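Since the structure comes first, as structure tokens, the remarks are kept for the end.
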Amino acid sequence: VCSFTGYKVYPSRGRTYIRGDGKTFHFLDSKTESMFHQNKNPRKLAWTPIFRKIHRKGISEEVAKKRTRRNVKYSRAIVGLSLDAINARRNEKPEVRSAARLEAIAKLKAARKEEAAKKKAARAAAAPQGGNQKVSKMQARGAPTKVKATSR
Numbered sequence: 040v041c042s043f044t045g046y047k048v049y050p051s052r053g054r055t056y057i058r059g060d061g062k063t064f065h066f067l068d069s070k071t072e073s074m075f076h077q078n079k080n081p082r083k084l085a086w087t088p089i090f091r092k093i094h095r096k097g098i099s100e101e102v103a104k105k106r107t108r109r110n111v112k113y114s115r116a117i118v119g120l121s122l123d124a125i126n127a128r129r130n131e132k133p134e135v136r137s138a139a140r141l142e143a144i145a146k147l148k149a150a151r152k153e154e155a156a157k158k159k160a161a162r163a164a165a166a167p168q169g170g171n172q173k174v175s176k177m178q179a180r181g182a183p184t185k186v187k188a189t190s191r
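Just so we're aligned, residue 40 is where the sequence shown starts under this note's numbering, counting upward by one.
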């Protein structure tokens, strides 16, 4: 058997090469021996059986094509929604969906407005009644007021 190609070498044919470490290589002909000495990879040479095996050349008629399994998609209910509710949402028309979205946004805006009004009322009730004086953060924390310069 040829050490490079894997072809069968018949008696009185081919060449034998013995490397320095004593390993023996048998080659089909001078071409394969030359390729071996050039450190060519038989897997990358299109005419070698190893290349043909790796790239599946000439085996299509022998072996039937392997069938691939297709994934089957199916719907399942989610924790919060039943399957019927999910299908109803999926089959909604775009106009209905956009109308529902606008309604939800309007509801949210109204709730935010109401919340802001409540906060404003709470602030007004908690604010000191001594007029509209501006107080800095440091003054609110109890820091002494700055002495105004009189020389300028």
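Backbone N, C-alpha and C fix where the C-beta goes; we use that ideal spot for every residue, glycine too.
Keep in mind that this is a model prediction, so the values were computed, not measured.
Residue pairing for I57: DSSP places it in a beta bridge opposite T63. Annotated three-state conformation of E134 is helix, per DSSP. For F90, the uninterrupted alpha helix (DSSP H) run begins and ends at P88 to I93, by DSSP. For G53 against F43, the beta-carbon gap comes to about 11 Å, at or over 8 Å, which does not count as contact. If you look at K70, you'll find it in the alpha helix (DSSP H) that goes S69 to H76.
Rounded to the nearest whole angstrom, the CA to CA distance from E134 to A149 is 23 Å. Pairing I93 with R108 gives a Cβ-Cβ distance that is not under 7 Å. For Q178, the three-state secondary structure derived from DSSP is helix.
Taking a 10 Å sphere around the C-beta of T71, we find 16 or more other C-beta atoms and assign the residue as buried. Bounds of the alpha helix (DSSP H) holding A124 are L122 to R129.
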